[in-house]
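Those sequence lines, one after another, are chains D and U.
Sequential numbering from 1 applies to the first sequence in the UniProt record's numbering.
Sequential numbering from 1 applies to the second sequence in the UniProt record's numbering.
Backbone N, C-alpha and C fix where the C-beta goes; we use that ideal spot for every residue, glycine too.
Computed from a predicted model, the values in this text were never measured in an experiment.
2 protein chains.
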Amino acid sequence: MNRALNGEGGQEPRWLSDEEQRVWRSYLHATTLLEDHLDRQLQRDAGMPHIYYGLLVQLSQAPRRRKRMTQLAIDAKITRSRLSHAIARLEKNGWVRREDCPSDKRGQNAVLTEEGFGVLRRTAPGHVEAVRQAMFDRLTPEQVAQLGEIMQVMAEGLQPQDTGADLPWLR
Amino acid sequence: MNRALNGEGGQEPRWLSDEEQRVWRSYLHATTLLEDHLDRQLQRDAGMPHIYYGLLVQLSQAPRRRKRMTQLAIDAKITRSRLSHAIARLEKNGWVRREDCPSDKRGQNAVLTEEGFGVLRRTAPGHVEAVRQAMFDRLTPEQVAQLGEIMQVMAEGLQPQDTGADLPWLR
DNA sequence: ACCCTGTTCTTGAAAGTTGAACTAAGTGGG
DNA sequence: CCCACTTAGTTCAACTTTCAAGAACAGGGT
Chain D
1 MNRALNGEGG QEPRWLSDEE QRVWRSYLHA TTLLEDHLDR QLQRDAGMPH
51 IYYGLLVQLS QAPRRRKRMT QLAIDAKITR SRLSHAIARL EKNGWVRRED
101 CPSDKRGQNA VLTEEGFGVL RRTAPGHVEA VRQAMFDRLT PEQVAQLGEI
151 MQVMAEGLQP QDTGADLPWL R
Chain U
1 MNRALNGEGG QEPRWLSDEE QRVWRSYLHA TTLLEDHLDR QLQRDAGMPH
51 IYYGLLVQLS QAPRRRKRMT QLAIDAKITR SRLSHAIARL EKNGWVRRED
101 CPSDKRGQNA VLTEEGFGVL RRTAPGHVEA VRQAMFDRLT PEQVAQLGEI
151 MQVMAEGLQP QDTGADLPWL R
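Laid out in structure tokens, this is it:
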């Protein structure tokens, strides 16, 4: 459905207004700077990128500190392939281990190890502090509320099925 | 300066409140979904990732459609290393070429080729449309203004020099 | 039991990214 | 002019991500 609007065949493109451009640039600017910042912070203090850290967090909050691979992939918004590689790396670190799923022989659980939990306990304070300094300490309470609302709306519009019905692949 | 708050030596960590956690999750959720979405959109329609597309945009808006490597890296918020690789790839595509800087023999200009400009002209409408659908079409004008304000504040707090004076390396 | 289709997860290769080391060229004393 | 120091950009190796297969199992029908 983008096809019709794309490239040569399309009708008049709806360009961004000046203000929209400014907002879009600020958005790109802020989000990339923050993601880079957190990636470096965690690489330095926890020895892993932000996404990997997020996987450990997910596991730490799951019922028995374990989760099916596919569910973890969905919750972390990454592909199963990426998750496979990531878990392999975390496993090599001793922070996660794999476990066969009893009910489904295809299935695997990723399980947070005690050691992995320790890493989280040690590094979480520094990470929260970094997030605070970058976001919550700089925004008014109203802005925090607004941001929450805005991000929620955007996220809703981007759930898997939206962009086209021709994307049966997970995520 | 994170050291003192990190891990074992620190004082009471300032955890996020429930609402802050919700906002933070929404933020991560929305930003990663959008970035993935745009990456796929551009990979499909323009044959390059979002960042590379951004480089072409930068060049197209620069005075003679060219820019010094370092300046381009700063403007695009990426490392010089990453830029080197990216330009090498874009050069292979024929969309950019390198040019020795006349005034500084160390310097290089990245120059947008006519072909590169053509790619931009063909793919920009589809990209703008994707951005609109994901963001501007879903937000009220007030929310757009709020988002702009918020992102500006966050970006200011993340400029290179903030995190510590002990980071002489570019970004 | 058998086949068919869809799901779960992994793998391998190519592409992209990172951080550090490196080359070459400008800069500013002494 | 020479030295040390900085800056511009590239390169290398290690790591991460993506995309396209592929192996193994599940859940129906038939």
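Rank the options by C-alpha distance to the C-alpha of residue i and give the top, closest one.
i, options, result
"D104 of chain D", "D:D45, D:Q146, D:L158 and D:M69", "D:M69"
"residue 175 of chain D", "D:L59, D:F136 and D:A145", "Lying outside 1 to 171, the shown extent of chain D, residue 175 of chain D is not represented and no answer is given."
"W95 of chain U", "U:Y53, U:E12, U:Q43 and U:T79", "U:Y53"
"H50 of chain U", "D:R14, D:E142, D:L72 and D:T32", "D:T32"
"residue 173 of chain U", "D:A155, D:D45 and D:F136", "Nothing about residue 173 of chain U can be read from this structure; chain U reaches only from 1 to 171."
"V111 of chain D", "D:S81, D:V57, D:E12 and D:Q43", "D:V57"
"G116 of chain D", "D:E149, D:D39 and D:Q61", "D:Q61"
Near residue i, which residues of its chain fall below 6 Å by C-beta distance, leaving aside the five closest residues on each side in sequence?
i, result
"M1 of chain D", "Reliability fails at M1 of chain D, whose pLDDT of 38 lies under 50, so the model's placement of it is uncertain and no value is given."
"R121 of chain D", "none"
"T123 of chain D", "D45 and A46"
"P13 of chain U", "none"
"W169 of chain U", "Residue confidence is low: W169 of chain U scores 38 on pLDDT, short of 50, so the model does not pin down where it sits. Its coordinate-derived value is still stated next. Excluding residues within five positions, none has a Cβ falling inside 6 Å."
"Q11 of chain D", "none"
Taking 7 Å as the cut-off, decide whether the C-beta atoms of residue i and residue j are in contact.
i, j, result
"A134 of chain U", "L28 of chain U", "no"
"R66 of chain U", "N109 of chain U", "yes"
"L76 of chain D", "L90 of chain D", "Reading the sequence as shown, one finds Ala at residue 76 of chain D and not Leu. The answer is no: Cβ separation not under 7 Å."
"V153 of chain U", "R138 of chain D", "yes"
"H85 of chain U", "L158 of chain D", "no"
"A30 of chain U", "A73 of chain D", "no"
"T79 of chain U", "R97 of chain U", "no"
"G148 of chain D", "S26 of chain U", "yes"
"Q146 of chain D", "Q21 of chain U", "no"
Near residue i, what residues of its chain come up, given a Cβ to Cβ distance below 8 Å and the 5 sequence neighbours on each side ignored?
i, result
"Q41 of chain U", "G126, H127 and A130"
"D39 of chain U", "P49 and H50"
"Q43 of chain D", "P49"
"E142 of chain U", "none"
"Q71 of chain D", "none"
"R106 of chain U", "none"
Leaving out five residues on either side along the sequence, give the residues of the same chain with a beta carbon under 7 Å from the beta carbon of residue i.
i, result
"D100 of chain U", "Q108"
"E19 of chain U", "none"
"L16 of chain D", "W24"
"R64 of chain U", "none"
"T140 of chain U", "none"
Who are residue i's beta bridge partners in DSSP?
i, result
"R66 of chain D", "D:V111"
"V96 of chain D", "D:L112"
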